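So the mapping is simple: the working numbering equals the position in the first sequence, first residue as 1, plus 675.
The beta carbon of each residue, even a glycine, is placed where N, CA and C say it ideally should be.
Keep in mind the model is a prediction, meaning the values are calculated, not measured.
Below you'll find the structure, written out as structure tokens, and then a few comments.
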Amino acid sequence: MSASFSYGRQEKLKSRAALELLFAKGRTLSVFPVKVFYLAKPADRGTVQAGVGVGARYFKKATERNRIKRLLRENYRLHKEALSALAVAKGLEVTVFLLYIDKTMPEKDILPQKMPLVIQKLVQQLHEMATANP
RNA sequence: UCCAGCGCCCGAACCAUCGCUUCCCGGAAACGGGGGGAGGAAAGUCCGGACAGUGCAGGGCAACCCACCGGUUAACGACCGGCACCCCAUUCGGGGGAGAGAUAGUGCCACAGAAAAUAACUACUUCGUUUCGGCGGAGCAAAGGUGAAAAUGUGAGGUAAGAGCUCACGGCUUGUACUGGUAACAGGGCAGGCGGGUAAACCUUGGGUACUGUAAUGCCAUGUAUAGGAAUCUUUGAAUGCGGCCCGCAUGAUCCCGGUUCCGAUCGGGAAGGUUCCAGGGUAGGCAGCUAGAUCCCGGCAGUAAUGACGGGGCCAGAUAAAUGAUGGUAUUGGAACAGAAUCCGGCUUAUGAGGCGUUGGUUUAU
RNA sequence: GGUCAUGUGGCCGAGUGGUGAGGCACAGGUCUGCAAAACCUUAUACGGCGGUUCGACCCCGUCCAUGACCU
676 MSASFSYGRQ EKLKSRAALE LLFAKGRTLS VFPVKVFYLA KPADRGTVQA
726 GVGVGARYFK KATERNRIKR LLRENYRLHK EALSALAVAK GLEVTVFLLY
776 IDKTMPEKDI LPQKMPLVIQ KLVQQLHEMA TANP
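As structure tokens, then:
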């Protein structure tokens, strides 16, 4: 069970080309203060790769951007179970990017409250896509 | 005591659980065990280096940087000590600055003022003339409400009136020898001079400087096309190199056909070699560079100090969408400052909570 | 990561070290039955700090902000 909370190198979105494809072709959903870019395609083995980001426009200091990215990663790590379960079940290769879109530093409780909603909404939309286009 | 300002020191402890990254060990792998894991500023990029690539006969020019003296350093515009100057206290002392040259030259100095640098408006003296108001010539640089700044100050002599014109005592300054000091410089002596400021204005003097930056650069893998179009130059001189420019030197395609002509020069066309532009194609993976070093800690020694050498001990991030976080508890009440390495070092500058040390101030001791 | 440039009223923009132009906008007035246009009149600025200078938008240093370029 402990493995399900890990967030290792294979689960991170690293390829520059994959990122460009995601931003160009991917779909989006938004649960304030997080905007999600996601893309899914059928594959032999179900995998999920995720990345996080913050715009440097509103957060000029590197420490603030690091802080937000760490919080996003931490909360994604604790709540990603449903998403990876779906990917394995449906045989999908899913790429996800979580972008923080608020202009101020997050309150302490906002991300732990919102992240389950993000995952839930994402799983729901992926499920609809997978059933619509089998 | 407290509050406020300034300077320096310090820089978020410990335990458990869930996670991240790197190295080592075991393992076929999954994974398991163990060790390491941001800063004093990692920041700004204001200076200086290391390292790498390009590249390096010679001469001249330009551009840029530095500027009291001595020392420290790999180097510096940094640091330490001193000297002179300025400011505050005017007793001790404290503080400040990019501190060569203004008799090498040029420029500028608004307004005001006669005048802003060898000039003469008023005034003063004198001569001539006169319609008795003045006018003209000469002399002089003492006096003149200004201004940021006005031609060395005071006194005496001197003179037609005056003036460093002369003298005495001062002030500033140049040269020279002496004494002290490594030196800058200081002291008094001798001889001479006394025409502002500005060089963070141009400049002069002395000294110095290649440029580009680790996304440099090297290797491996993959892919591909010495492809195409336009303009233009050259083929006995297009272009390239000599660090930005010039001289000079070196290298340098070094052909073909036709018209004209005795030949060459010259004209037209082709071919070749460059330059610029257009349009298009490919790669965006890996390894090295990449962290053991002008290194860190401790100790006494040398030195006023910056710093140095010596002895002992330690290994202390190396990522590549980029690693340090979350939750609970303990301490001490809370979620505490500024803030995140990206090749690495030495400085400078700026930001910074609580606590500690020092210092300054506080109308009515302000808590 | 590296290399540069620029900061002047609300906006756009000139400005050889000596009282900072001009245009648009805003406000007030004239005109009009009321407006528009036109005309007249104001008010509003040198990014911050320090230095050089008698004197700084200008020269120098430093900090801040904005923008561009290289890869």
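Closest Cα partner of residue i within the set the options
{"i": "K778", "options": "R732, E695, L767", "result": "R732"}
{"i": "K796", "options": "N750, A764, L758, G730", "result": "L758"}
{"i": "E739", "options": "E695, M780, E768, R702", "result": "M780"}
{"i": "T703", "options": "L697, F712, E782", "result": "F712"}
{"i": "N749", "options": "L694, L773, E695", "result": "The question names Asn, but residue 749 is Glu in the sequence shown. Residue L773 is the option with its Cα nearest to E749."}
Beta bridge counterpart(s) of residue i as assigned by DSSP
{"i": "L704", "result": "V711"}
DSSP three-state assignment for residue i, whether helix, strand or coil
{"i": "A699", "result": "helix"}
{"i": "T738", "result": "helix"}
{"i": "A725", "result": "strand"}
Presumed contact (8 Å Cβ cut-off) between residue i and residue j, rounded CB distance
{"i": "R752", "j": "F680", "result": "6 Å"}
{"i": "V771", "j": "V723", "result": "7 Å"}
{"i": "A715", "j": "L801", "result": "6 Å"}
{"i": "A805", "j": "K765", "result": "5 Å"}
### Message
My parser needs the beta strand (DSSP E) runs of 3 or more residues fully inside the region 756-794; what are they?
### Response
The region 756-794 contains these whole beta strand (DSSP E) runs: 767-775.
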